[in-house]
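Following the numbering used here, the numbering of the sequence shown begins with 2 at its first residue and continues without gaps.
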Amino acid sequence: MKVLSGEEGELALRIARGALEAHLAGKAYRLPPAPRVFSEKRGVFVTLTEQGMLRGCIGLPLPVLPLGEALIDAAVSAGTGDPRFPPVSREEILQIRMEVTVLSVPELLACHPAERPERVEVGRHGLIMKGWGRSGLLLPQVATEYRWTPTEFLEYTCGKAGLPPGCWKSPHVEVLTFEGQIFSEPESG
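Take a look at the structure:
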């Protein structure tokens, strides 16, 4: 995964915020001139928080769009399409803190299911759980924030996928890992 520079990360945050603000104002957002990496297909998530509480988080886990377009899509979706929350209002946007996570391509955790906890690195890996027609994803920073063990991370990812506890032990369930480069706005927004 090509790592973004600090300046590119700041631009990613400005694109995400600009896209959501324009959408809330009923205006079209135009992608500013950007380095070549923003034309490369990348997975990305945009996380919104308000006073330290989750306010929206949506993204594209696979590299299906160029990074610039993926940021626009994820930011607007996180602010207006996360079914767990009402849409962000124009007045509220100033209180919202944005975080962008640029993802590596997910890779199958190729090992016996019993070995999965020893192969998951908390603080490095994000997880995708797939099985029985369902899937769920947790970003790398979630396990770190909650101080989960690898086994707890696997269990919570089962829950996020709507799968039964312990499903990660089944050979019929796929576990994929990915890494993420995280860029956050300062606490003041």
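Quick reminder that beta carbons are idealized off the backbone N, C-alpha and C, glycines included.
Exercise. Can the beta-carbon of residue 132 be found less than 8 Å from the beta-carbon of residue 178?
Worked result: Position 131 of the sequence shown, counted from the first residue, corresponds to residue 132. Position 177 of the sequence shown, counted from the first residue, corresponds to residue 178. Residue 132 places its beta carbon 8 Å or farther from that of residue 178.
Exercise. Taking Cβ to Cβ, would you say residue 32 is nearer than 8 Å to residue 69?
Worked result: Along the sequence shown, read from residue 1 onward, the residue named residue 32 stands at position 31. Along the sequence shown, read from residue 1 onward, the residue named residue 69 stands at position 68. Yes, they are a contact pair.
Problem set entry | Cβ-based neighbour list, residue 5, same chain, cut-off 8 Å, excluding 5 preceding and 5 following | Locating residue 5 in the sequence shown gives position 4, counting from the first residue. Closer than 8 Å at Cβ, skipping near neighbours: 13, 38, 103, 182, 184.
Exercise. Could you give the C-beta distance for residue 130 and residue 159, rounded to a whole number, given that I count them as a contact under 8 Å?
Worked result: To locate residue 130, count along the sequence shown from 1; it is residue 129. To locate residue 159, count along the sequence shown from 1; it is residue 158. Right, the Cβ-Cβ distance comes to about 6 Å (below 8 Å), so this counts as a contact.
Problem set entry | Boundaries of the beta strand (DSSP E) in which residue 183 is found, first to last residue | For the purposes of this step, residue 183 is taken as the residue at position 182 of the sequence shown. Per DSSP, residue 183 belongs to the beta strand (DSSP E) from 181-185.
For this session: Taking residue 46 as part of the beta strand (DSSP E), name the residues at either end of that continuous run.
Result: One-based indexing of the sequence shown puts residue 46 at position 45. Counting along the chain, the beta strand (DSSP E) containing residue 46 begins and ends at 44-51.
Problem set entry | Own chain partners of residue 205 with C-beta closer than 7 Å, once the 5 adjacent residues on each side are dropped | Because the chain in this structure spans residues 2 to 190, residue 205 falls outside the shown range and cannot be described.
Exercise. Residue 159 by DSSP, collapsed to three states: which one?
Worked result: As a working note, residue 159 is residue 158 in the sequence shown. Helix.
Exercise. Based on the DSSP secondary-structure assignment, which residues constitute the bridge partners of residue 57?
Worked result: Position 56 of the sequence shown holds residue 57. Answer is 49.
For this session: Provide the residue span of the alpha helix (DSSP H) that contains residue 12, from first to last.
Result: The residue given as residue 12 occupies position 11 in the sequence shown. From DSSP, the alpha helix (DSSP H) with residue 12 extends over 7-25.
Exercise. What number of angstroms, rounded off, separates the C-alpha of residue 10 from the C-alpha of residue 35?
Worked result: To locate residue 10, count along the sequence shown from 1; it is residue 9. To locate residue 35, count along the sequence shown from 1; it is residue 34. Roughly 11 Å separates the two Cα atoms.
For this session: Using a threshold of 8 Å, state whether the C-beta atoms of residue 95 and residue 17 are closer than that.
Result: Indexing the sequence shown from 1 puts residue 95 at position 94. Indexing the sequence shown from 1 puts residue 17 at position 16. Not closer than 8 Å, so no.
Problem set entry | Meets three-Cβ-pair contact criterion under 8 Å: the segment 77-90 and the segment 151-166 | They do not touch, by the three-pair rule.
Problem set entry | Cβ-Cβ distance between residue 139 and residue 157 below 8 Å | Translated into the one-based positions of the sequence shown, residue 139 becomes position 138. Translated into the one-based positions of the sequence shown, residue 157 becomes position 156. Yes; because the gap between Cβ atoms is below 8 Å, this pair is in contact.
Exercise. If we ignore side chains and look at the alpha-carbon of each, how far apart do residue 146 and residue 187 end up?
Worked result: Start at 1 with the first residue of the sequence shown, and residue 146 comes out as number 145. Start at 1 with the first residue of the sequence shown, and residue 187 comes out as number 186. When the Cα atoms are used, residue 146 and residue 187 turn out to be separated by approximately 17 Å.
Problem set entry | Alpha-carbon spacing of residue 164 relative to residue 148, whole angstroms | The count along the sequence shown starts at 1 and reaches residue 164 at position 163. The count along the sequence shown starts at 1 and reaches residue 148 at position 147. If you take the alpha carbons of residue 164 and residue 148, they lie about 22 Å apart.
Exercise. Going straight from the alpha carbon of residue 90 to that of residue 173, what length do you get?
Worked result: By one-based count along the sequence shown, residue 90 stands at place 89. By one-based count along the sequence shown, residue 173 stands at place 172. Distance between residue 90 and residue 173, taken at the CA atoms: about 42 Å.
Exercise. Which whole-angstrom value is the C-beta distance of residue 44 and residue 86, which I expect to be below 8 Å?
Worked result: On the sequence shown, residue 44 is found 43 positions in, with the first residue counted as 1. On the sequence shown, residue 86 is found 85 positions in, with the first residue counted as 1. Separation of the CB atoms of residue 44 and residue 86 is rounded to 22 Å, and the pair is thereby denied contact status at 8 Å.
Problem set entry | Inter-residue spacing [alpha-carbon to alpha-carbon] between residue 170 and residue 136 | Position 169 of the sequence shown, counted from the start, is the residue given in the question as residue 170. Position 135 of the sequence shown, counted from the start, is the residue given in the question as residue 136. Approximately 15 Å, taken between the alpha carbons.
For this session: Using 10 angstroms around the beta-carbon of residue 54, count the other beta-carbons present and answer buried if the total reaches 16, otherwise exposed.
Result: Within the sequence shown, the letter at position 53 stands for residue 54. The residue in question, residue 54, is exposed, as its Cβ has fewer than 16 Cβ neighbours within 10 Å.
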